[in-house]
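Read through the structure below, which is laid out as structure tokens, and then see the notes.
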Amino acid sequence: MIRFDNVSKRYATGHEGLSNTSFAIEEGQMAFLTGHSGAGKSTLLRLIGCLERPTRGQVWVNDRNLNKLSNSQIPYHRRDVGMIFQDHRLLHDRTVFDNVALPLVVAGASPNEIKRRVNAALDKVGLLHKERSMPLTLSGGEQQRVGIARAVVSKPKVLLADEPTGNLDPELSKEIMELFMEFNRVGVTLLIATHDIALILSMSQRIIKLDKGRIVADGWARK
Amino acid sequence: MKSKTRNEKPNFISIWAMRHAQTAVTALGRLLLNPLSNGMTLAVIAIAIALPTTLYVMIDNVRGLSDEWQGASSISLFLKTDIDETQARAIAQRVAALDRVANTQLITKAQALEEFKERSGFGAALDLLKDNPLPNVIVITPNEASSTPMAAKQLLSQLKTLREVDSAQLDLEWVQRLEAITDLFIRGVLVLAALLGAGVLLIVGNTIRLEVQHRHSEIEIMKLVGATDRFIRRPFLYEGLWYGLLGGIAALIMSIIALWLLSGPVEQISGLYNSNFALDWLSGEAFLLVFFGSPLLGLGGALLALTRHLRMIQPV
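Going down the list, the sequences are from chains A and B.
Quick note on numbering: the first sequence equals residues 30 to 252 in our numbering.
Quick note on numbering: the second sequence equals residues 273 to 588 in our numbering.
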């Protein structure tokens, strides 16, 4: 589903975000991406979402070579990839419903379909009763769940999360992770960047460890 | 299966149309949400459009006036001083018989002197003159077909060849000069309109640029969830369109008020000149040009800003 072939990313500042990275994640697999901050986790996720282009090597997502994607094709690629951010990236002047509806509105869905799918997504994250609220009136955990609902509302095959539990206490973090497991159970491919080692060690999933832009470990955690 | 596809197509189009309408209304709402600052922007746009529009209408009126006067062209024939009154009368009759002449009027030496004494204020001084130095003058009105500048000039050169004529003058020249001046002013107004039009383009462009900056994070998020450039552009383009349209309408209202304020004095002046001239309002073409041209200017300004500034927002 996701494949990196000798991918390097060097920024204009000279900083090397990723060096010669290769790995693959099969369809329906779930993996954690870990490492210190600056190890290249965000760079890797940004390359999958085509927020950036690699300097060298090839990135494949959903059998699509992202190097061959023209700028005008990128939006359509992003509709197949749900992204979740540490800072949620919500629109604060719109309701929870409108925030979650954004990917569908952007894709030109009909109002009926939007209503149905947004309600389903909000129901899944347990926020159906908050659909008329403004994001800033919600707690951090609730805001993150709105972000997750937005990422899954258009039923993408791939879900990326960059430090989704970064600002949450362990209890809430666990809830969020369980939510991700649920999506994984219905066949969504997941890649979650986090430095919360304790949390991921408890989940017996694949872990890819990055250090200074290189993969230094790749395997399954044991309970 | 077939009926399904047939049902889906108009549905798709209606969703598309609905989205556009929604975007247009939202953009208008956003504009009206901040009446003070957006109102000022609109006022600037309106003034920039109203100024050349009003000037154009006024100059167009002057042009209409000179057209009207051209019809009343006349030729003055100054006869040689040795021609006496009876000979002059005979010449007047002969000229009147020409088929391009509507009628003639003879102003004799004596009449001319009398009139000159009355009008010039040199009455007493003129009494000192032994002889009357003024010539007999025949004033000729060309018939309608010959009252155009070209035809009148032909007639003039024909009359100049008469043996008894000392000099002949077409009273059309000052009308032509007026016409040349109005043409110059029209050209000036067009240049002004082009400059102010460019100004409107830049005003709208700058306003949209600020708006793009203001909604930077919103645009970023929309890009992250897969919005195409066209989708992101659309509300801004509608905003530019609204600025242009509302500015244009305000400009039309301003021009009409300005012309209404001027129409009173103009009627007073034309009354003094025994003319039934009244100010013409905005012509249909000028109205349509402003009404449809200003939204296009707004749209152009928005496009100008968007092509430059959307690209700067990463991710692409």
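Where is the CB? At the ideal position from N, CA and C, for every residue including glycine.
For clarity, every value in this text was computed on a predicted model and none was experimentally measured.
1. Since H175 (chain A) and V134 (chain A) are thought to touch, with beta carbons under 8 Å apart, how far apart are those beta carbons, to the nearest angstrom?
2. I need the boundaries of the beta strand (DSSP E) containing E45 (chain A), first residue and last residue.
3. So if I threshold CB-CB distances at 7 Å, which residues from the stretch 132 to 147 of chain A count as touching chain B?
4. Leaving out the 5 sequence neighbours to the left and right, which residues in its chain are closer than 8 Å to I205 (chain A) when beta-carbon positions are compared?
5. Just checking, does the stretch 308 to 321 of chain B make contact with the stretch 387 to 407 of chain B on the three C-beta pairs under 8 Å criterion?
6. Let me make sure I understand the geometry here. Which of B:R372, B:K425, B:I585, B:N415 has the alpha-carbon closest to that of L496 (chain B)?
7. Counting along the chain, where does the beta strand (DSSP E) carrying S348 (chain B) start and finish?
8. At a CB distance below 8 Å, what residues from the stretch 82 to 105 of chain A approach chain B? Give them in sequence order.
9. Report the neighbours of A466 (chain B) on chain A: residues whose CB is nearer than 7 Å to its CB, in chain order.
10. For my contact list, V154 (chain A) and K186 (chain A) are in at a C-beta cut-off of 8 Å; report their separation, rounded to the angstrom.
11. Just checking: is the beta-carbon of V297 (chain B) within a distance shorter than 9 Å of some beta-carbon in chain A?
12. Would you please state the rounded distance, in angstroms, between the beta carbons of R272 (chain B) and T454 (chain B)? I believe it to be under 8 Å.
13. In or out: Y328 (chain B) buried (at least 16 other Cβ within 10 Å) or exposed?
14. Could you spell out the range, first to last residue, of the beta strand (DSSP E) harbouring Q591 (chain B)?
15. Quick check for students: name the residue ranges of the beta strand (DSSP E) that lie wholly in the stretch 88 to 124 of chain A, counting only runs of 3 or more.
16. Helix, strand or coil: how does DSSP classify G139 (chain A) here?
17. So that I know if they touch, is there some Cβ in chain A lying closer than 9 Å to that of N283 (chain B)?
18. Can you tell me whether S275 (chain B) is buried or exposed? The criterion is at least 16 other CB atoms within 10 Å of its CB, across all chains shown.
19. By the DSSP assignment, the alpha helix (DSSP H) with P537 (chain B) in it spans what residues?
20. Note down, in chain order, every chain B residue with its Cβ under 7 Å from the Cβ of L73 (chain A).
21. Please list, in chain order, all residues of the same chain as M210 (chain A) whose beta carbon is under 8 Å from its beta carbon, the five residues on each side excluded.
22. For R291 (chain B), return the contacting residues in chain A, with the cut-off set at a CB-CB distance below 9 Å.
23. Check the Cβ of E483 (chain B) against every Cβ in chain A and list those closer than 9 Å, keeping chain order.
24. Taking C-beta pairs closer than 8 Å, name the residues in chain B that R179 (chain A) reaches, listed in chain order.
25. Name the residue from A:V215, A:L95, A:Y105, A:L188 whose alpha carbon lies nearest to the alpha carbon of F61 (chain A).
26. Among A:N213, A:R235, A:P199, A:R107, which residue has its Cα nearest to the Cα of D225 (chain A)?
27. According to DSSP, is I237 (chain A) part of a helix, a strand, or is it coil?
28. So, are the CB atoms of L370 (chain B) and V411 (chain B) less than 9 Å apart?
29. Are the C-beta atoms of S489 (chain B) and some chain A residue less than 9 Å apart?
30. Can you tell me which of the three DSSP states P164 (chain A) falls into?
31. What is the rounded straight-line gap between the Cα of I475 (chain B) and the Cα of A558 (chain B)?
32. For the candidate residues A:D240, A:M30, A:M163, whose alpha-carbon lies nearest to that of G57 (chain A)?
33. Reducing DSSP to helix, strand and coil, say where T326 (chain B) ends up.
34. Here's a check: name, in chain order, each residue in its chain whose Cβ is nearer than 6 Å to the Cβ of D240 (chain A), leaving out the five neighbours to either side.
35. Cα separation between I221 (chain A) and G137 (chain A)?
36. Could you check if W446 (chain B) is buried or exposed, using at least 16 other CB atoms within 10 Å of its CB as the buried criterion?
On the basis of the coordinates in this document:
1. In the sequence under discussion, the amino acid at residue 175 (chain A) is Val, which differs from the His named in the question. 15 Å between Cβ atoms; not a contact.
2. 45 to 54
3. P132, V135, A136, G137, S139
4. G170, Q173, R174, I177, P193, T194, L197
5. no
6. B:I585
7. 347 to 351
8. N100, S101, I103, P104, Y105
9. Going along chain A, no residue has its Cβ under 7 Å from A466 (chain B), so there is no contact; the nearest lies around 35 Å.
10. 19 Å between Cβ atoms; not a contact.
11. no
12. Past the edges of chain B, shown from 273 to 588, lies residue 272 (chain B), and the structure says nothing about it.
13. buried
14. Outside the displayed range of chain B (273 to 588) lies residue 591 (chain B), so it cannot be described from this structure.
15. 110 to 113
16. Rather than Gly, the amino acid found at residue 139 (chain A) in this sequence is Ser. Coil at S139 (chain A), not helix or strand.
17. yes
18. For S275 (chain B), the pLDDT reaches just 42, beneath the cut-off of 50, and the residue's location in the model is therefore unreliable, leaving the point undetermined.
19. 501 to 544
20. Residues of chain B passing the Cβ test: none, with the nearest at roughly 15 Å.
21. M59, M232
22. V134, G137
23. The contacting residues do not exist; E483 (chain B) stays about 14 Å from chain A at best.
24. V497
25. A:L188
26. A:P199
27. strand
28. no
29. yes
30. helix
31. 22 Å
32. A:M30
33. helix
34. G64, A68
35. 28 Å
36. exposed
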